[in-house]
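Quick note on full-length UniProt numbering: the sequence shown kicks off at 1 and runs consecutively.
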Amino acid sequence: MAKIPEIRTVSVTRYVTPLREGGSLPAIAEADDGFLYALKFFGAGQGVKALVADLIGGELARLLGLRVPEIVFANLDEAFGRSEGDEEIQELLRKSEGLNLALHYLSGAISYDPTVDKIDPLTASKIVWLDSFITNVDRTARNVNMLSWNKQLWLIDHGAALYFHHSWPDWEKAAVQPFAAIKDHVLLPLASELDAITPVIKAILTPEVIKDIIDLIPKVWLMDYAYTTDIETTRKIYFDFLTHRLHHSDIFIKEAQHARASLI
Numbered sequence: 001m002a003k004i005p006e007i008r009t010v011s012v013t014r015y016v017t018p019l020r021e022g023g024s025l026p027a028i029a030e031a032d033d034g035f036l037y038a039l040k041f042f043g044a045g046q047g048v049k050a051l052v053a054d055l056i057g058g059e060l061a062r063l064l065g066l067r068v069p070e071i072v073f074a075n076l077d078e079a080f081g082r083s084e085g086d087e088e089i090q091e092l093l094r095k096s097e098g099l100n101l102a103l104h105y106l107s108g109a110i111s112y113d114p115t116v117d118k119i120d121p122l123t124a125s126k127i128v129w130l131d132s133f134i135t136n137v138d139r140t141a142r143n144v145n146m147l148s149w150n151k152q153l154w155l156i157d158h159g160a161a162l163y164f165h166h167s168w169p170d171w172e173k174a175a176v177q178p179f180a181a182i183k184d185h186v187l188l189p190l191a192s193e194l195d196a197i198t199p200v201i202k203a204i205l206t207p208e209v210i211k212d213i214i215d216l217i218p219k220v221w222l223m224d225y226a227y228t229t230d231i232e233t234t235r236k237i238y239f240d241f242l243t244h245r246l247h248h249s250d251i252f253i254k255e256a257q258h259a260r261a262s263l264i
């Protein structure tokens, strides 16, 4: 059985620069382990749910053998933003005191360019499959959320996935819906192996490993928007959504195949 890595916790020591291309003002920051990270704030407009989606999506991708920068929890001290001159950034830092999410910063990486970077059909199919599974709307030509680094493809930013959690009462309906937005996926034309990889992926994504990933979500994040007063009930909804959707994968795979057929 696949082993889910423990998520390290680091403390942010230096705010380096904002990543202005992100709608929630992520930033490059240095931590107490000496490494740079792409830091994502729970106090940003998208809130803590974007961090939960990023954590789940990133670790699911890693399980499938896809490259994702190391994900860490990043603690932001209350005194950290006091010297920041930009009022907007200072406010964001103040709202984000506590536990945030960060990805190891891949220095020198560039955005994936489908006209330059070649991806094999199996890898493309895995990514399309994953994004259909977690309903990730953010892997389009406009915003690929993939990087080329050391001649390898890396996935970043799954914060727009799992959008069912913005409307909790409808989670059962959302779990069995096709994913129409897959038609805009930048890798869809290359994803010719969706049928072939489905049993392989299902064998990897057992209920046990899905639960292990969901158990990584910090309680303090779930307290921010718990479906009920019981945090573990909220955690269980994530588990039930993913296992139900996995069981009904033929629905979103057929949608992806239909969308691909219209492109090629």
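Don't be surprised by glycine CBs; every beta carbon is placed ideally from N, CA and C. Note that the coordinates shown come from a computational prediction; the quantities given were computed from them, not determined experimentally.
Closer than 6 angstroms by C-beta to residue i: which residues in its own chain qualify, once you throw out the five before and the five after it? Chain order, please.
{"i": "A53", "result": "H158, G159, A161 and L162"}
{"i": "L242", "result": "I210"}
{"i": "H165", "result": "K49"}
{"i": "Y238", "result": "I214"}
{"i": "W149", "result": "L106 and A109"}
{"i": "residue 274", "result": "Outside the shown range of the chain (1 to 264) lies residue 274, about which nothing can therefore be said."}
Should residue i be listed as close to the ligand SAM, given that the test is whether its C-beta is under 8 angstroms from any heavy atom?
{"i": "F41", "result": "This structure does not include the ligand SAM; it has no bound ligands of any sort."}
Who are residue i's beta bridge partners in DSSP?
{"i": "E30", "result": "R14 and L36"}
{"i": "S111", "result": "L147"}
{"i": "V72", "result": "A102"}
{"i": "T140", "result": "H185"}
{"i": "L155", "result": "M146"}
{"i": "T9", "result": "F73"}
Might you give, ordered along the chain, the residues of its own chain that have their beta carbon closer than 8 angstroms to the beta carbon of residue i, omitting 5 neighbours on each side?
{"i": "V16", "result": "A27, I28, A29, E30 and L36"}
{"i": "V176", "result": "H244, R245, H248 and I251"}
{"i": "A141", "result": "P114, D184 and V186"}
{"i": "G98", "result": "F42, N75, L76 and V220"}
{"i": "T9", "result": "V72, F73, A74, N75 and L99"}
{"i": "L51", "result": "K40, F42, N100, L101, G159 and W221"}
Please classify residue i: is it buried, with 16 or more other beta-carbons within 10 angstroms of its beta-carbon, or exposed?
{"i": "M223", "result": "exposed"}
{"i": "S11", "result": "exposed"}
{"i": "L218", "result": "Residue identity check: residue 218 is Pro in the sequence provided, not Leu. Buried, because 16 or more other Cβ atoms sit within 10 Å of the Cβ of P218."}
{"i": "V68", "result": "buried"}
{"i": "residue 327", "result": "In this structure the chain extends from 1 to 264, so residue 327 is not present and cannot be described."}
{"i": "R14", "result": "exposed"}
{"i": "D138", "result": "buried"}
{"i": "K202", "result": "exposed"}
{"i": "A180", "result": "exposed"}
{"i": "S96", "result": "buried"}
{"i": "A38", "result": "buried"}
{"i": "I156", "result": "buried"}
{"i": "S132", "result": "buried"}
{"i": "K173", "result": "exposed"}
{"i": "A102", "result": "buried"}
{"i": "I134", "result": "buried"}
{"i": "V116", "result": "exposed"}
{"i": "A261", "result": "exposed"}
Just confirm the distance between the C-beta atoms of residue i and residue j, as a whole number of angstroms; I'd bet it's less than 8 angstroms.
{"i": "E91", "j": "I182", "result": "At roughly 36 angstroms, the Cβ-Cβ gap does not stay under 8 angstroms, so E91 and I182 are not in contact."}
{"i": "L76", "j": "N100", "result": "6 angstroms"}
{"i": "L93", "j": "F80", "result": "6 angstroms"}
{"i": "E70", "j": "H104", "result": "4 angstroms"}
Identify, in the order they occur along the chain, each residue of the same chain with its Cβ nearer than 7 angstroms to the Cβ of residue i, setting aside the five sequence neighbours on each side.
{"i": "E193", "result": "P121, L122 and S125"}
{"i": "I213", "result": "I4, I56, E59 and L60"}
{"i": "residue 265", "result": "Nothing can be reported for residue 265, as the shown portion of the chain is limited to 1 through 264."}
{"i": "N136", "result": "G57, H158, A160 and A161"}
{"i": "I119", "result": "L153, L187 and L190"}
Kindly indicate which three-state DSSP category residue i falls into: helix, strand or coil?
{"i": "L194", "result": "helix"}
{"i": "T206", "result": "coil"}
{"i": "Q257", "result": "helix"}
{"i": "Q90", "result": "helix"}
{"i": "L216", "result": "coil"}
{"i": "T243", "result": "helix"}
{"i": "T234", "result": "helix"}
{"i": "T123", "result": "helix"}
{"i": "R62", "result": "helix"}
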